[in-house]
Amino acid sequence: MTAGDTYRVVSPGRVNLIGEHTDYTGGYVMPLATDLHTSLEATPARDVTVSSDAVESSYSFATDDLERTDDWIDYVKGCYAVLQEEGYEPGGFNGELSATLPMGAGLSSSASLELAVMAFLNEAYDLGLSRERMALLCQRVENDYVGMSCGIMDQFAVALGEDGHALLIDTDTLGYEPVPMPEDLAVVVFHTGVSRELVDSAYNERRETVESAMETLDVETSKAISEDDLDVLPALQAERLGYLARENDRVEAAREALSAGDVERFGELLVAAHRDIAEHYEASCPELDFVVEAALEEGAYGARLTGAGWGGAAIAIVDEADAEQFAESLRATYTEQFPDLAPESHLVIPSAGVRVEKTD
Ligand code: GLA
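Counting in the working numbering, the sequence shown runs from 70 upward without gaps.
Right under this line is the structure:
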C-alpha cells in the first residue's frame, strides 16, 4: 500500500442451490456466488470512515474503538475485532459502499459486506490471508461479534465462488469442488416479502436440537448419521436428524445430476429437499410453500426455499429462454394469493468470489 492508492472491491452475494441447515453440522452444501454484489471503493487512512449508498448513512471510528452499535457498521467493526484478536493490525480507510445486491432478501448481504471489507484490508495492508481464512474470519465476525451463530456456507461461497459454477462444499473438512451449471439454465430467486424476524431464535433452537442429538449419537458430522440409528433419540431429534441425513445424500445426488447435465433429476431433488425441510425441519412457511408449488405449475424443473427459511426467498430452476416470462407470471400468481406482500425476483448468474483491484 502507498498513500493515495484506491481500491475497488466487488463482493458477491450467495444463493444456496441445495444443502440447507447442514453447514453447522459438518454436512454438504451447494451454494453459488451471485453477480448481484456489494462494491467498496476505499483508500487507506488512519481511522475508518465509511458511507453506504443503500442505507444513506455513514460512520467513523478509530480502529481501536470497537464497541458494537447494532447497525450495519458492526460488520465492518467486527472485521477489525477478529483481525486484532488474531494479531493483525490493519489501518483504517475512507470508503464508499454501494450495492446491486438487495439487503435482507436472503442473498447474504451481510457476508458480502464482511468479505468486501476483509478482502480490502487483506490487499491494502498485505495481511497474507487465503480466501478460506478470510471466509472463516468473517464467519467469526457473525458468530463472535454480531452474535449470529451461522455456519460457514455464506462466507465460503462469497469468498470462493467461481464463474459459471456452484460449489459443493464439505463443511466438515472445508474441501470443495466447483460444479458447472448448465449454461442454458437460469436460477430465479423469488423473495416472498415475508421478513424473517423470528429467524434467529428458530435457527438457534434448531442448532441446539441437532447438536445435542449428534452428541447423543457421538457423531461429529451429519455425514455420519444413518437413519437406522435414530430410534434411540427422542422423536423430535430423530425427525430433525433424519432430514439432515437425507439432505446430505441429496446434495451428493444433485452434484451428480448437474455434472451429468440431468436437469430433470436436479429439479426433482430440489423439490424433495423443499418438502422434506418443510415437513421434518419445519423451516418453511405458507408463502414459501406456495411459491414452490406455483413455480412447478409454471413449468420450473425444481424449486425450493433457499437460506435459513421461515420467510425470505425461494429459488426456481428454469430454462434461461423462459426466465423473464416465468418470473413475471410467478409474481402475478403470488400477488393474487398474497396481495399485501411485496415480493421481489432476481435472475442470478453464478459468479466469481470476492475480488479486489487497485484503481490507480
Ligand atoms: C443461514 C446461515 C447459513 C446456513 C443457512 C441454512 O443462511 O447464515 O450458515 O446455516 O442459514 O442453510
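We treat Cβ as the ideally placed atom computed from N, Cα and C, and that holds for glycine.
7 Å Cβ cutoff met for residue i and residue j
i    : j    : result
G82  : L101 : no
Y214 : A377 : no
M217 : A235 : no
A80  : V423 : Reading the sequence as shown, one finds Ser at residue 80 and not Ala. Yes, they are a contact pair.
L109 : L166 : yes
Y93  : G197 : no
V360 : F259 : yes
A369 : I386 : yes
I142 : Y157 : no
E289 : G311 : no
A115 : G161 : The question names Ala, but residue 115 is Arg in the sequence shown. Result yes, Cβ atoms of R115 and G161 sit closer than 7 Å.
R324 : V248 : yes
G88  : V263 : no
L190 : T107 : no
T431 : L313 : Because the chain here runs from 70 to 429, residue 431 falls outside it and cannot be looked at.
T75  : T402 : no
A382 : G175 : yes
Beta-carbon separation (whole angstroms), residue i vs residue j, contact threshold 8 Å
i    : j    : result
L184 : V117 : No, L184 and V117 are not in contact; Cβ-Cβ is about 17 Å, not under 8 Å.
A255 : E389 : 4 Å
E316 : A342 : 6 Å
T261 : E356 : 4 Å
G147 : V78  : About 17 Å separates the two Cβ atoms, so there is no contact after all.
R275 : R309 : 7 Å
G173 : V119 : Actually they are not in contact, since the Cβ atoms of G173 and V119 sit about 19 Å apart, beyond 8 Å.
Span separating the alpha-carbon of residue i from that of residue j
i    : j    : result
S199 : A304 : 42 Å
A352 : G96  : 17 Å
A347 : D391 : 27 Å
L339 : A111 : 40 Å
G371 : L302 : 33 Å
A329 : T240 : 24 Å
E280 : Q394 : 43 Å
P419 : E231 : 7 Å
G233 : E333 : 19 Å
Y144 : A123 : 15 Å
Y245 : A193 : 27 Å
A326 : G336 : 9 Å
V151 : D223 : 18 Å
L374 : M187 : 29 Å
F130 : D298 : 53 Å
Y149 : L135 : 8 Å
S178 : D300 : 40 Å
A474 : H349 : Limits of the chain in this structure are 70 at one end and 429 at the other, which puts residue 474 out of reach.
D269 : N212 : 12 Å
D140 : P408 : 31 Å
D331 : V417 : 20 Å
A282 : V98  : 20 Å
D195 : R202 : 14 Å
L399 : E284 : 43 Å
P171 : D287 : 41 Å
C354 : P159 : 43 Å
D253 : G380 : 29 Å
L86  : P113 : 37 Å
L243 : I384 : 25 Å
Three-state secondary structure (DSSP) of residue i
i    : result
S178 : helix
R109 : Per the sequence shown, residue 109 should be read as Leu rather than Arg. DSSP places L109 in strand when its eight states are reduced to three.
A288 : With the sequence shown as reference, residue 288 is identified as Val, and Ala is not the correct amino acid for it. In the structure shown, V288 sits in coil (DSSP, three-state: anything other than H, G, I, E or B).
F162 : strand
L305 : helix
T94  : coil
A383 : strand
L410 : coil
A168 : strand
M283 : helix
I346 : helix
R202 : helix
E351 : coil
V340 : helix
L365 : helix
T404 : helix
V145 : helix
D388 : strand
E246 : strand
D223 : helix
R276 : helix
Residue i: CB within 6 Å of a non-hydrogen atom of the ligand ZN
i    : result
D223 : No copy of the ligand ZN appears in this structure; the ligands present are the ligand GLA.
Worksheet item: Any contact of the region 192-207 with the region 403-419, i.e. 3+ C-beta pairs under 8 Å?
Response: With fewer than three CB-CB distances shorter than 8 Å, the region 192-207 does not count as touching the region 403-419.
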